[in-house]
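Engineer:
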Amino acid sequence: MIKHYNIDGIDIDYEHYITDPETFTECIGKLITTLKKSDTISFATIAPYDDKGPVQSHYLELWRKFGHVIDYVNFQFYAYDRIGVSQFVKYFNEKASNYKGGQILASFVTGSDGGGLSPDDGFFEACNELIQQGKLGGIFVWCVDESKRAGFPNEKKSQDLQAAPANSNLFTEYIGAEFNNVRFSDVPINPNVDFHFILAFAIDYTTSSPSPTNGKFNIFWDSDNLGPSQVSSIKSQHPNVKVALSLGGDSVGDGHAYFRPSSIDSWVSNAVSSLTSIIRQYNLDGIDIDYEHFQADPKTFAECIGRLIKTLKNNRVIQFASIAPFNDDQVQSHYQTLWHSYGHLIDYVNFQFYAYDKGTTVSQFMKYFADQSSNYNGGKVLVSFISDGSGGLSPDNGFFTACSRLKSQQQLHDYTTSASALPTNGKFNVFWDSINLSPAQVASIKRQHPNVKVCLSLGGDTVRGEYAFFQPSSVGSWVANAVSSLTAIIKQYHLDGIDVDYEHFKADPNTFAQCIGQLITTLKRNNVISLASIAPYDDDVVQSHYLALWRSYGDVIDYVNFQFYAYPRSTTVPQFLSHFKTQTSNYTGGKVLVSFSTDSSGGLKPGNGFFKACNELKSQNQLHGIFVWSADTSKAMGFRYEKQSQALLAS
1 MIKHYNIDGI DIDYEHYITD PETFTECIGK LITTLKKSDT ISFATIAPYD
51 DKGPVQSHYL ELWRKFGHVI DYVNFQFYAY DRIGVSQFVK YFNEKASNYK
101 GGQILASFVT GSDGGGLSPD DGFFEACNEL IQQGKLGGIF VWCVDESKRA
151 GFPNEKKSQD LQAAPANSNL FTEYIGAEFN NVRFSDVPIN PNVDFHFILA
201 FAIDYTTSSP SPTNGKFNIF WDSDNLGPSQ VSSIKSQHPN VKVALSLGGD
251 SVGDGHAYFR PSSIDSWVSN AVSSLTSIIR QYNLDGIDID YEHFQADPKT
301 FAECIGRLIK TLKNNRVIQF ASIAPFNDDQ VQSHYQTLWH SYGHLIDYVN
351 FQFYAYDKGT TVSQFMKYFA DQSSNYNGGK VLVSFISDGS GGLSPDNGFF
401 TACSRLKSQQ QLHDYTTSAS ALPTNGKFNV FWDSINLSPA QVASIKRQHP
451 NVKVCLSLGG DTVRGEYAFF QPSSVGSWVA NAVSSLTAII KQYHLDGIDV
501 DYEHFKADPN TFAQCIGQLI TTLKRNNVIS LASIAPYDDD VVQSHYLALW
551 RSYGDVIDYV NFQFYAYPRS TTVPQFLSHF KTQTSNYTGG KVLVSFSTDS
601 SGGLKPGNGF FKACNELKSQ NQLHGIFVWS ADTSKAMGFR YEKQSQALLA
651 S
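Numbering (the UniProt record's numbering), first residue to last: 1 to 651.
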């Protein structure tokens, strides 16, 4: 039937059962798996709804066991009673949790007698909110039969919404620093933009005879006109408004406001406590970092601010964080160190372009934007102007001309640079020594040694001195680009598999899991690769991404090349064995390889007991293999430990 009609996929919409969830799961799961393996279909979807009974129990059991072969969840949100925007978003997040890692589609029903959230009552408003949260997997509609009579207006709007360009619609303005009795309500607010007010400032200084307080923040903005009740009022009147506070600023009293911690731990502890209190009192949404003067080195600044943001986000105290650097050597050294270590936690770079000279031209502004997008590679760099016209490119002299140019290039509030390596949304390029490790060399070594296979590794730590971020535009586009580009490279180089070694992320764990899982599944299904491995290490962010991938797609991953050399150099044999046990538990059912490095990094070295640990694991039938970082440094030692490793494995 599928071949006769030239169909691409199947959707599962059973709603009544005379069988248990396990039988349903095995039947549907094996059906989808078989059709995909035989290249009969390219995708599969399911269409559950919330009956709090047999429908959910059957589909959740199917998802638990076969979620990795299901591409989309067409959840029937229109099966709810008529609901509002906030309730719809709440239900959507509940289903995203139930079908964890899935591409959840929002849905509405055409016609006047349906349930859920209709287009007339706010469906697209809810979709925009989900897009801003990075959660909308798509839209589906029930059904064409009703829509035809009206000319498909909402189908067109749905497609326009999802085809919107990469520009952001974020508008941010600082408020409260000058004590000019300005209120939130004095500022015009366009309902079609995301509007962020930033209260300036909260400073870790005493309010009388200002002196540093080591992270105990106090309010220095105009709290008479910008108090908790005013925050609540503006947010209730304008759902597109969020309010943050800014830390630091230029001055306090008659002197500079210095970043001056007594120690990292004490500053972070005090800052988390005092800011949590202020943020909750004022019902705020985020923080902005605007320290401009420093009595601490860049690394200390990075650790203090990075840990503060991480803790506040983990505690769900804030939704977003921004930084506000400007073009000054000392300022940039501090903020770029912060960016290198904690950029994945920073949502916006409110770069102070108005700190450039007053005579800045449009072309100079464009160059400055490119420079700072390169410095904060992968970040959402916001353009800026100052309302008194004292510096930078003013609105009267071409600021909006520059914005229009950036918007036409889809670069407004996004990253761009031609001076350094850029994310390409899944279009992979070769960054290894392709002169000495060419297609001919791959073919030669495999011909000489039939037991040899050669893979390529994706990601790594850095590219041209900057972090190599996993940063997809969307799951679908990244997977399509990755499958295409990697298939070409793998076939050109006669490779056998891929290893996944991303270590820095600009995407949530579920997005990472879907992108990598779908990539591996597709490459295996297309017979492009015969094996796949992952290379996580013991870091909270790294593990959250790889464990999400493992939970959804562990069955298509052949090896876990765990980076045990990322543990300290002081690691002992008992500690190593304990680490191995922990990671074997984390990646349950996986073949976890032990590892060491031949460079100066950490872990348990061959000279300190690595092979003793291997022999102990081998005696327990737990030694699944060994991997080494890396041949480049081992060559100078004559590959001594590679020989010893292979001898042990072959014995």
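By construction, the Cβ of each residue, glycine as well, lies at the ideal position given by its N, Cα and C atoms.
Check for me: the beta strand (DSSP E) holding residue 596 runs from which residue to which?
Structural biologist: Locating residue 596 in the sequence shown gives position 596, where the first residue counts as 1. Element bounds for residue 596: 592 to 597.
Engineer: With a 10 Å radius around its C-beta and 16 neighbouring C-beta atoms as the bar for buried, classify residue 568 as buried or exposed.
Structural biologist: Taking the first residue of the sequence shown as position 1, residue 568 is located at position 568. Per the 10 Å Cβ criterion, exposed.
Engineer: Is the separation between the beta-carbon of residue 87 and that of residue 47 shorter than 8 Å?
Structural biologist: Taking the first residue of the sequence shown as position 1, residue 87 is located at position 87. Taking the first residue of the sequence shown as position 1, residue 47 is located at position 47. No.
Engineer: Any idea which residues DSSP pairs residue 242 with across the strands?
Structural biologist: In the sequence shown, counting from the first residue as 1, residue 242 sits at position 242. Partner(s): 196.
Engineer: Looking at the structure shown, is residue 455 part of a helix, part of a strand, or coil, going by DSSP?
Structural biologist: In the sequence shown, the residue the question calls residue 455 occupies position 455. It is a strand residue.
Engineer: My parser needs the beta strand (DSSP E) runs of 3 or more residues fully inside the segment 606 to 633; what are they?
Structural biologist: If we require 3 residues or more, the beta strand (DSSP E) runs fully inside the segment 606 to 633 come out as 626 to 629.
Engineer: Please report the residue range of the beta strand (DSSP E) in which residue 173 lies.
Structural biologist: In the sequence shown, the residue the question calls residue 173 occupies position 173. Note, residue 173: beta strand (DSSP E), 170 to 175.
Engineer: Can you tell me where the alpha helix (DSSP H) holding residue 291 begins and where it ends?
Structural biologist: For the purposes of this step, residue 291 is taken as the residue at position 291 of the sequence shown. Taken as a continuous stretch (DSSP letters only), residue 291 belongs to no alpha helix (DSSP H), being part of the beta strand (DSSP E) at 286 to 291.
Engineer: For residue 143, is the classification buried or exposed, using 16 other Cβ atoms within 10 angstroms of its Cβ as the cut-off for buried?
Structural biologist: As a first step, residue 143 must be located in the sequence shown, where it is residue number 143. The residue is exposed, with fewer than 16 neighbouring Cβ atoms inside 10 Å.
Engineer: For residue 321, list the residues DSSP reports as bridge partners.
Structural biologist: Looking up residue 321 in the sequence shown gives position 321. Bridge partners of residue 321: 287.
Engineer: Determine the closest residue to residue 653 out of 63, 69, 59, 139, with distance taken between C-alpha atoms.
Structural biologist: Limits of the chain in this structure are 1 at one end and 651 at the other, which puts residue 653 out of reach.
Engineer: Specify whether the segment 480 to 500 and the segment 450 to 463 touch according to this definition: at least 3 beta carbon pairs, one from each stretch, less than 8 Å apart.
Structural biologist: They touch, by the three-pair rule.
Engineer: Quick check: what's the CA-CA separation for residue 238 versus residue 192?
Structural biologist: Along the sequence shown, read from residue 1 onward, the residue named residue 238 stands at position 238. Along the sequence shown, read from residue 1 onward, the residue named residue 192 stands at position 192. Residue 238 and residue 192: Cα-Cα distance of roughly 10 Å.
Engineer: Considering only residues of the same chain and omitting the five flanking positions on each side of residue 583, which have a CB-CB separation below 7 Å?
Structural biologist: Stepping through the sequence shown from its first residue, residue 583 is reached at position 583. Taken in chain order, the residues that qualify are 562, 592.
Engineer: Tell me whether residue 309 sits in a helix, a strand or coil according to DSSP, three-state version.
Structural biologist: Residue 309 sits at position 309 when you count from the first residue of the sequence shown. Here residue 309 sits in helix by DSSP.
Engineer: Output the boundary residues of the beta strand (DSSP E) element that contains residue 365.
Structural biologist: Along the sequence shown, one-based indexing puts residue 365 at 365. Note, residue 365: premise wrong, no beta strand (DSSP E); alpha helix (DSSP H) at 362 to 375.
Engineer: Where do the N-terminal and C-terminal ends of the alpha helix (DSSP H) with residue 476 fall, by residue?
Structural biologist: The sequence position of residue 476 within the sequence shown is 476, counting from 1. Residue 476 -> alpha helix (DSSP H) spans 475 to 493.
Engineer: Taking contact to mean at least 3 C-beta pairs separated by less than 8 Å, is the segment 504 to 522 in contact with the segment 482 to 490?
Structural biologist: Counting Cβ pairs under 8 Å, three or more are found: they touch.
Engineer: Near residue 391, what residues of its chain come up, given a Cβ to Cβ distance below 7 Å and the 5 sequence neighbours on each side ignored?
Structural biologist: Along the sequence shown, one-based indexing puts residue 391 at 391. Excluding residues within five positions, the ones whose Cβ falls inside 7 Å are 354, 355, 356, 357, 358.
Engineer: Starting from the Cα of residue 439, find the closest Cα among 474, 462, 405, 494 and give me that residue.
Structural biologist: Position 439 of the sequence shown, counted from the first residue, corresponds to residue 439. Measuring from the Cα of residue 439, the nearest candidate turns out to be 494.
Engineer: Thinking C-beta only, is residue 78 closer than 8 Å to residue 108?
Structural biologist: Numbered from 1 along the sequence shown, position 108 holds the residue referred to as residue 108. Numbered from 1 along the sequence shown, position 78 holds the residue referred to as residue 78. Against a cut-off of 8 Å, the Cβ pair of residue 78 and residue 108 comes out as a contact.
Engineer: For the candidate residues 509, 245, 92, whose alpha-carbon lies nearest to that of residue 129?
Structural biologist: Counted from its first residue, the sequence shown places residue 129 at position 129. Residue 92 is the option with its Cα nearest to residue 129.
Engineer: Quick check on residue 590: buried or exposed, where buried means 16 or more other Cβ atoms within 10 Å of its Cβ?
Structural biologist: As a first step, residue 590 must be located in the sequence shown, where it is residue number 590. The residue in question, residue 590, is buried, as its Cβ has 16 or more Cβ neighbours within 10 Å.
Engineer: Spell out a yes or no on whether the segment 201 to 211 and the segment 226 to 240 are touching, meaning 3 or more CB-CB pairs, one atom from each, closer than 8 Å.
Structural biologist: The segment 201 to 211, when compared against the segment 226 to 240, does not touch it at the 8 Å Cβ threshold.
Engineer: Secondary structure at residue 142, three-state DSSP: helix, strand or coil?
Structural biologist: Along the sequence shown, one-based indexing puts residue 142 at 142. Strand.
Engineer: Would you check if the distance between the CB atom of residue 596 and the CB atom of residue 644 is smaller than 8 Å?
Structural biologist: Taking the sequence shown and counting its residues from 1, the one referred to as residue 596 is at position 596. Taking the sequence shown and counting its residues from 1, the one referred to as residue 644 is at position 644. Their beta carbons are not under 8 Å apart, which means residue 596 does not touch residue 644 by this criterion.
Engineer: Since residue 256 sits in a beta bridge, which residues does DSSP pair it with?
Structural biologist: Reading the sequence shown from its first residue, position 256 is the one you call residue 256. In the DSSP output, where bridge partners are listed per residue, residue 256 has 251.
Engineer: How many Å lie between residue 370 and residue 259 at the Cα?
Structural biologist: Locating residue 370 in the sequence shown gives position 370, where the first residue counts as 1. Locating residue 259 in the sequence shown gives position 259, where the first residue counts as 1. When rounded, the distance between both Cα atoms is 28 Å.
Engineer: Among 44, 571, 74, which one has its Cα closest to the Cα of residue 10?
Structural biologist: The sequence position of residue 10 within the sequence shown is 10, counting from 1. If we check each option's Cα against that of residue 10, 44 comes out closest.
Engineer: Do you know how far the Cα of residue 642 is from the Cα of residue 577?
Structural biologist: What you label residue 577 is simply residue 577 of the sequence shown in a count that begins at 1. What you label residue 642 is simply residue 642 of the sequence shown in a count that begins at 1. Approximately 21 Å, taken between the alpha carbons.
Engineer: Can you check DSSP and say which residues form a bridge with residue 9?
Structural biologist: For this step, residue 9 is matched to residue 9 along the sequence shown. BP columns for residue 9 point to 43.
Engineer: Residue 322 and residue 350 - do their beta-carbons sit closer together than 8 Å?
Structural biologist: Within the sequence shown, numbered from 1, the residue matching residue 350 stands at position 350. Within the sequence shown, numbered from 1, the residue matching residue 322 stands at position 322. Yes, Cβ-Cβ distance for residue 350 and residue 322 is below 8 Å.
Engineer: Pick helix, strand or coil for residue 15, following the three-state DSSP scheme.
Structural biologist: Here residue 15 refers to the residue found at position 15 of the sequence shown. Note: residue 15 maps to coil in three-state DSSP.
Engineer: Is the beta carbon of residue 275 less than 8 Å from the beta carbon of residue 313?
Structural biologist: Against the sequence shown, residue 275 aligns to sequence position 275. Against the sequence shown, residue 313 aligns to sequence position 313. It is not a contact, given that the beta carbons lie outside the stated cut-off.
Engineer: May I ask which residues mark the beginning and end of the beta strand (DSSP E) holding residue 561?
Structural biologist: The residue you call residue 561 lines up with position 561 of the sequence shown. It spans 559 to 561 - the beta strand (DSSP E) in which residue 561 sits, taken as one unbroken run.
Engineer: Would you kindly work out how many angstroms separate the C-alpha atoms of residue 560 and residue 219, rounded to a whole number?
Structural biologist: Residue numbering aside, residue 560 sits at position 560 when the sequence shown is read from its first letter. Residue numbering aside, residue 219 sits at position 219 when the sequence shown is read from its first letter. For residue 560 and residue 219, the distance between alpha carbons rounds to 49 Å.
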